[in-house]
Structures are given as C-alpha cells and as structure tokens.
C-alpha cells in the first residue's frame, strides 16, 4: 500500500495576492508540512468561512520555503472565490502533503521536458527546481494572461517555450505543437512530465505513446476526501502483466501522477 | 500555527472519571457509541496518520461483496448545499482481496471492526456472511440492503418487506455474529421494515443510508453524476434521519444506530435522544477527519454538564407529548 507522510493542521495565511486576472498566489505558514513535500503533491484545503459548501479543495503545491508552502489557483467557483477574499493572518485547515508525485530526474539521466497547460505550471515548478538535470518547459494557455510563472522557470535556467491559442504571447497554437516539433528532432534520452487539463494530458499521452517516450502525467480529477476513502477521483488504470485489463485507481492516492502507458485512455473522458 | 488535532489526547474516551460511555449492539460491546459510517472511512488504514482509530466506538468498512467490483463511471460525487450526492457504485476488492489487503491491519485494532456486506442475491449475502464468520475476529456484520447506486442488489432488498426478511434470515442462519441491517430511508413508513428485519433475526438497525437524489448542470443540461442519480448525504439529511430513527426505535426493541449528517456532538446527542443507542459519523469524515473524536469529547462534556454517569441515560429520552 502506498503511504505518504501527511498532517492535518490549521495554518495561517502569510499572503494571498492576485497574480494576474483571476489567478492568485496563496502562501501558508506550515513549518511541519513544508519539509515533507515532494514535487507533484497536493494540499487539501478547507476554507473555513464556507458554511454550506462542505468539502475541502485540492491544490497542487507550487513553491516550498523553509517554513512555508504556496499554491497558485484560479477563481473558478464558490470555494476559490471565498479563498480569494481571505487575507494575511486568517486560518485554513490543511491536510498535506498528499498523493504520489513526480519522479525527480537524476543527474546524467533523461532530459526532462515539462508540459504545462494553464495553472498546471504550478505543479511542475518544484520538479524543475529540484531536478539536477535542466530541460525544456512547454507552456500553453488560451491567452497571454494564462501563461504563469514564465520568469520563475527562466530564473531556474530552463528553456521556456510559450504557446497561446490566440497568439497573444509566444507561438500561436496548442502546447503540443512545439512539443511535437522538439520530439521530432530527438526522442532518445528524453522524458515528459505534464500537468494541465485532461484534454491536454490525453494529447501528451498519445504523443508519448506514439513516439515511445516515457511520460509522467499529473491527472486532474474532481476530488472529495483527498485521502483515498471516498473513491470519487478515480481514473481507469491498466492492470495485470499484459496491461489488458483495467481498474479504477485513486488520483488522490495512487496519483495524481501516473505513468502515461498505464492510463486506459479509451475510457478517460 | 497551532495543531488542529482537537481530540482529547489527555482524556481517553473511557477515562477513569466514572462516566460510562459503553453501549451494547447485540452481543457486541462498544467502548463508546461513536462509530464511522460505511463508505466514508475506507478500510480504516487510510486514516491512521490523521487520528487514533482505537479511540472510536467501532470501525465500519466500505461495503464488500463476494467478488471485486469496479464501480460506476465518473463523475461519482457532487457537492450540493450542505451535502453531497454520491454514486460510487460500491467499488471494492471483494472478500478475498479485502482479507488479503486490509484484514491484517484491521485485526490489530483494539476496537471492533464491523464489516458491511452486500450481494446481488440472497444467497450471495449468506455466502459473504459465511466467509466473514469463518474469518474470526470480526465484531459484527452490517447488511447493506439500501445502497441506491447499484443496478442489482442494495436498495432492491431494503425496500421490499419480503426480501429484507429473506436476506436477514439467510445471514442469520450462517453466522452467530451480531447482524446490523442498514435501512433505506426511501420507504413510506420505516416501522414495518424495522420489524421485518428484527423478526428475521437482526440484532440492530443502522438508520439511514443515503437518500436518492439528483443534480443537473443547467449550462450543459446534463446530470452532474455519470450514474444520473445518486444518494444524498451530509448535514442536509439529518432531520430526515432523526425522524426515521425516532420512528424505528419506537417500533422495535433492538438497538438503532443513528447516522445522517452528524458534524458535532450536538448532532450525535440529538440522534441518541431520538432513540439511537449508537451513532455513526459519515460524510463529515470526508472534510473533517477529526469529527468522530470531537463528537466523543463533546458527548463527554454534555454528560458532565448534565450530571449523567451513563450514556444510556440519553438514549430515547425524547419528550414527545402523547
């Protein structure tokens, strides 16, 4: 059974500031949680002022400090709207770190190619920061405003390639376009790490499968308990020696990061 | 930053302060009346890092049938005002998978483990009951005759007076373990169903399972659950559950375990006043895993405040004018 060290704590907001448009950066003081965090893990947050919306909200962990960690979120509903109204010194209940994250590349190993859609960038930052092997980050979004933390990745010394669907920033088109072009040049010794909407992950998974490049994907599923008991956030995963059969596995526990070859894409919506 | 865990570490549920929290469910003694509801606590092991399971009244595991079950397609749950609608479809490892994967941990617990079982035929219920009878060390069996989210089995048995009696009787025949029948709320009157289960040999009743429900996305006009409909749980169903517990407890002599939207000790005490001999915390485990321990601590405080020495003094104490 996969187990990760997790804590449930009430933590204080250090800052909660608008990044751009409807994106926010939330920094939490959590000295006991911060050292436990691995790239690709998430925090399950209960926004205490919400009265009739009961459930916690999962957020990919973005950056980690000595006593703090942060998340990058977009206001998309009741929970994130209420969160956006909170400020310094206010408290949130957090269960973290949760989930099975990315495999950090080894020095001299495969070159990591990161693929991010929108705020999927957030889940990949820590991986880039902790990887001794630098690589390329492909970032895609609908508009300029959806391209997050470009400078932060550049500051880590990574090659950042931007695409937007409307062409307002970087190359016009989908994030998979420059990725395919890059893989056409070379596939050997490269590995993909991706986080973003399911449609993008499916496309990246297909490219990885067609070109036989290993890929770790952080799957985005609607979540409820976050700790593996409710079986809400399941995705179909191939099982058995020949990977012929499949079963539903939990994004919160066996995931959120899965080996692309194990995902039963035919069944994924 | 302060620690969130507000469970009374310094005061165990049965501390030596002369307050008796223990209750009887059939032949099973629970150290305190606060259990967890099946399907909201996995197989216990998932929560070991977040709370001390040995402080609970009992651990109740997710429903198990003979064979592994893949479960429904996603989306499987949807949040609604003060509640949650789920249609998981009883995904599970089957009896063998459960025994191999989860029983080695569960059997080390000091508190009883109650196994929730189900089948698609009366015979399958009995087969599963027989397997757990043979396992040894099981606290009790909870017969799930009320899941609204599976095509065959579940609520099909719990909403038919003849079938509910057949399931209970078939299980009664193959085991001496205490049998708890988990009741459907989706009946015109619960009293005859409570009597049918009791007469067929059930030692206790769990009231209630989730209430059939639906939610629709008005933009896409599509149901929010892949299964179209699901079962409603959480604080919004509590008043329904309180009424059903009160009616069933008035109709039968066997103990009733009350559940449905319990978030704190006051909710749990309300169930007990209505007639519940024990309670189970369900959906709250999903958003606040400390809830069962907070309920135990709050129950103790209530008893101290009211000068009660035995938790049984609360059970069925509702003052309804005749």
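Residue numbers (my numbering), protein chains in the order written: chain A, 445 to 713; chain B, 79 to 400.
From the three backbone atoms N, C-alpha and C, an ideal C-beta is built for every residue, glycine too.
Note that the coordinates shown come from a computational prediction; the quantities given were computed from them, not determined experimentally.
Exercise for review: Would you please verify whether the beta carbon of residue 254/B is less than 9 Å from any beta carbon of chain A?
Suggested key: Taking the second chain and counting its residues from 1, the one referred to as residue 254/B is at position 176. Judged by the 9 Å Cβ criterion, residue 254/B is not in contact with chain A.
Going by Cα to Cα distance, which pick from 539/A, 463/A and 489/A is closest to residue 476/A?
Within the first chain, the letter at position 32 stands for residue 476/A. With distances taken between Cα atoms, residue 476/A lies closest to 539/A.
If we define contact as Cβ-Cβ less than 9 Å, is residue 73/B a contact residue for chain A?
This structure does not reach residue 73/B, given that chain B is present from 79 up to 400, and the question cannot be answered.
**Q.** Proximity of residue 105/B and residue 277/B at Cβ, strictly below 9 Å
**A.** For the purposes of this step, residue 105/B is identified with residue 27 of the second chain, where counting begins at 1. For the purposes of this step, residue 277/B is identified with residue 199 of the second chain, where counting begins at 1. Note that the C-beta distance between residue 105/B and residue 277/B is not below 9 Å.
- Item | Residue from 111/B, 256/B, 132/B and 312/B with nearest C-alpha to residue 192/B | If you number the second chain from 1, residue 192/B lands on position 114. Considering only alpha carbons, the answer is 256/B.
Taking residue 155/B as the query, report the chain A residues whose CB atoms sit under 8 Å from its CB, ordered along the chain.
The residue you call residue 155/B lines up with position 77 of the second chain. Ordered by position in chain A, the residues that pass the 8 Å Cβ test against residue 155/B are 666, 668, 674 and 676.
Cα-Cα separation, residue 597/A to residue 660/A = The residue labelled residue 597/A in the question sits at position 153 within the first chain. The residue labelled residue 660/A in the question sits at position 216 within the first chain. Residue 597/A and residue 660/A: Cα-Cα distance of roughly 19 Å.
Which residues share a DSSP beta bridge with residue 415/A?
-> Limits of chain A in this structure are 445 at one end and 713 at the other, which puts residue 415/A out of reach.
Strictly below 9 Å CB to CB, what residues from chain A border residue 159/B? Looking up residue 159/B in the second chain gives position 81. Contacts between residue 159/B and chain A, judged by CB atoms closer than 9 Å, involve 496 and 497 in chain order.
Just mark residue 492/A as buried or exposed, buried being the case when its beta carbon has 16 or more other beta carbons within 10 Å.
If you number the first chain from 1, residue 492/A lands on position 48. Answer is exposed; the Cβ neighbour count stays below 16.
Worksheet item: What is the DSSP secondary structure of residue 369/B, counted as helix, strand or coil?
Response: On the second chain, residue 369/B is found 291 positions in, with the first residue counted as 1. Residue 369/B falls in the helix class under three-state DSSP.
- Item | Endpoints, the alpha helix (DSSP H) within which residue 595/A is located | Indexing the first chain from 1 puts residue 595/A at position 151. Residues 594-599.
Item to complete: Give every residue of the same chain whose Cβ lies closer than 8 Å to the Cβ of residue 335/B, excluding the five residues on either side of it in the sequence, and list them in chain order.
Response: For the purposes of this step, residue 335/B is identified with residue 257 of the second chain, where counting begins at 1. Taking residue 335/B as the centre and dropping the five residues before and after it, the same chain places the C-beta of 103, 113, 258, 282, 283, 284, 285, 354, 355, 356, 357 and 358 closer than 8 Å to its C-beta, in chain order.
Item to complete: Count the other C-beta atoms from every protein chain shown that fall within 10 angstroms of the C-beta of residue 452/A, then say buried if there are 16 or more, exposed otherwise.
Response: In the first chain, the residue the question calls residue 452/A occupies position 8. Here residue 452/A is buried. Its C-beta has 16 or more other C-beta atoms within 10 Å.
Inset, instruction - Under 7 Å between beta-carbons, which chain A residues line up against residue 186/B? List them in chain order, please. - result: As a first step, residue 186/B must be located in the second chain, where it is residue number 108. Against chain A, a Cβ distance below 7 Å from residue 186/B picks out nothing, because the smallest value is about 14 Å.
Q: Using three-state DSSP, classify residue 639/A as helix, strand or coil.
A: The residue given as residue 639/A occupies position 195 in the first chain. Here DSSP, grouped into helix, strand and coil, assigns residue 639/A to strand.
Subject >> Reference residue 263/B, options 292/B, 321/B and 368/B, closest by Cα >> reply: Residue 263/B sits at position 185 when you count from the first residue of the second chain. Selection 292/B, 321/B and 368/B evaluated against residue 263/B yields 321/B as nearest (Cα-Cα).
Cβ contact (3+ pairs, closer than 8 Å) linking the region 610-625 of chain A and the region 665-675 of chain A:
Contact fails: fewer than three Cβ-Cβ distances are below 8 Å.
(message) I'd like the ranges of any beta strand (DSSP E) spanning at least 3 consecutive residues and lying wholly in the region 518-552 of chain A.
(response) Qualifying beta strand (DSSP E) stretches, in chain order: 535-542.
Checklist line | Between the CA atoms of residue 613/A and residue 311/B - distance to the nearest angstrom | finding: The count along the second chain starts at 1 and reaches residue 311/B at position 233. The count along the first chain starts at 1 and reaches residue 613/A at position 169. If I take the Cα positions, the gap works out to 46 Å.
Closer than 9 Å to chain A by CB, residue 125/B = Here residue 125/B corresponds to residue number 47 of the second chain, with the count starting at 1. Interface residue (Cβ-Cβ distance to chain A less than 9 Å): residue 125/B is classified as such.
Using the three-state DSSP reduction, which class does residue 305/B fall into: helix, strand or coil? Counted from its first residue, the second chain places residue 305/B at position 227. Note: residue 305/B maps to coil in three-state DSSP.
Contacts of residue 691/A in chain B (Cβ-Cβ under 7 Å): Sequence index remark: in the first chain, residue 691/A carries index 247 (1-based). Those within 7 Å of residue 691/A in chain B are 148.
Rounded separation between residue 132/B and residue 595/A - CA only
In the second chain, counting from the first residue as 1, residue 132/B sits at position 54. In the first chain, counting from the first residue as 1, residue 595/A sits at position 151. The alpha-carbon atoms of residue 132/B and residue 595/A are separated by roughly 50 Å.
Legend entry - Spatial neighbours of residue 586/A in its chain, beta-carbon cut-off 6 Å, leaving aside the 5 residues before and after: Position 142 of the first chain holds residue 586/A. The beta carbon of residue 586/A sits closer than 6 Å to those of 609, all from its chain and outside the five residues before and after it, given in chain order.
Which value, in whole angstroms, describes the spacing of the CA atoms of residue 573/A and residue 125/B? Indexing the first chain from 1 puts residue 573/A at position 129. Indexing the second chain from 1 puts residue 125/B at position 47. So the two alpha carbons sit approximately 31 Å from each other.
Item to complete: Could you pull the start and end residues of the alpha helix (DSSP H) that residue 273/B belongs to?
Response: Translated into the one-based positions of the second chain, residue 273/B becomes position 195. Per DSSP, residue 273/B belongs to the alpha helix (DSSP H) from 268-277.
Checking 9 Å against the spacing of the C-beta atoms, do residue 231/B and residue 299/B come in under that value?
Along the second chain, read from residue 1 onward, the residue named residue 231/B stands at position 153. Along the second chain, read from residue 1 onward, the residue named residue 299/B stands at position 221. Contact: no.
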